[in-house]
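Accompanying notes for the structure given below.
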Amino acid sequence: MTAQLRGVEKTTSFGSTSELVIRTEASDNGATYRCEAMNSALKTPLTATASLSVLFPPGSVTIKMKPRKPKAGDSVTLTCETGSSNPEATVLWWKDGESIPGHHEGVVDSTYGGKSTKNRVRFNVTSADDLSTYTCQATNHVLRRTVHDTYVLRVLRRQESTSGISLSTLLKPNVF
626 MTAQLRGVEK TTSFGSTSEL VIRTEASDNG ATYRCEAMNS ALKTPLTATA SLSVLFPPGS
686 VTIKMKPRKP KAGDSVTLTC ETGSSNPEAT VLWWKDGESI PGHHEGVVDS TYGGKSTKNR
746 VRFNVTSADD LSTYTCQATN HVLRRTVHDT YVLRVLRRQE STSGISLSTL LKPNVF
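For the sequence shown, my numbering begins at 626 and goes up steadily by one.
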């Protein structure tokens, strides 16, 4: 997109200056600004360009679980994905308030020239894990800004075997 902007002009005995003040947003990351000056003594305008590198924190963090309805004994994977951040965010995990190790899955290009980070934890669940709280926290350390998401784990109990006895067999009335 090209737009013409006008800065604040100041003229002194040494020359002229123009100052442009902008309030940046994440969408300004990578934007290029060009200043052009012209007067009657020049055949072509003088130009200078500047590209912006805007720092911004992740706007969100999302936790996804597989399988969605785990049973005791299942292997569960919780994956944390951050929103776009510049520079990339680092991810930490907690279970019930205690730090647990995560595995860095990678970083991909994301919106506004930022990076999205994926991190996961994998574990075998037991019935004791039911209602455990898992928290994923993403931090942009340059800006010291943090976002987090929390997931409460529900563990289903495994069905017990009835050793071949069906409910209809148990309820069948005695006939003489």
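Glycine included, every Cβ here is placed at the ideal spot set by N, Cα and C.
At the level of alpha carbons, what is the spacing between residue i and residue j?
i    : j    : result
E650 : L768 : 14 Å
K668 : H728 : 60 Å
T637 : S643 : 12 Å
T672 : M663 : 9 Å
G640 : R648 : 27 Å
Quick check on this structure: which residue in the options has the alpha carbon closest to the alpha carbon of residue i?
i    : options                : result
T775 : R747, A753, R782, W719 : W719
E730 : S643, G655, A714       : A714
R782 : S752, S652, K743, F639 : S752
Y759 : R747, D699, V777       : V777
S741 : S724, G722, I725, V716 : V716
S709 : E634, L645, R770       : R770
May I ask you to report which of helix, strand or coil DSSP gives residue i?
i    : result
K797 : Note on K797: pLDDT 48, under 50, position unreliable in the model; the coordinate value appears next. Reduced to three states, the DSSP call for K797 is coil.
G739 : coil
S752 : helix
Compute the distance between the beta-carbons of residue i and residue j, then report whether it is under 7 Å.
i    : j    : result
T674 : K689 : no
P682 : N765 : yes
V686 : V780 : no
D721 : S757 : yes
N749 : S700 : yes
Of all Cβ atoms in chain C, is any one closer than 7 Å to the Cβ of residue i?
i    : result
V777 : Looking at the structure shown, chain C is missing, and only one protein chain is on hand.
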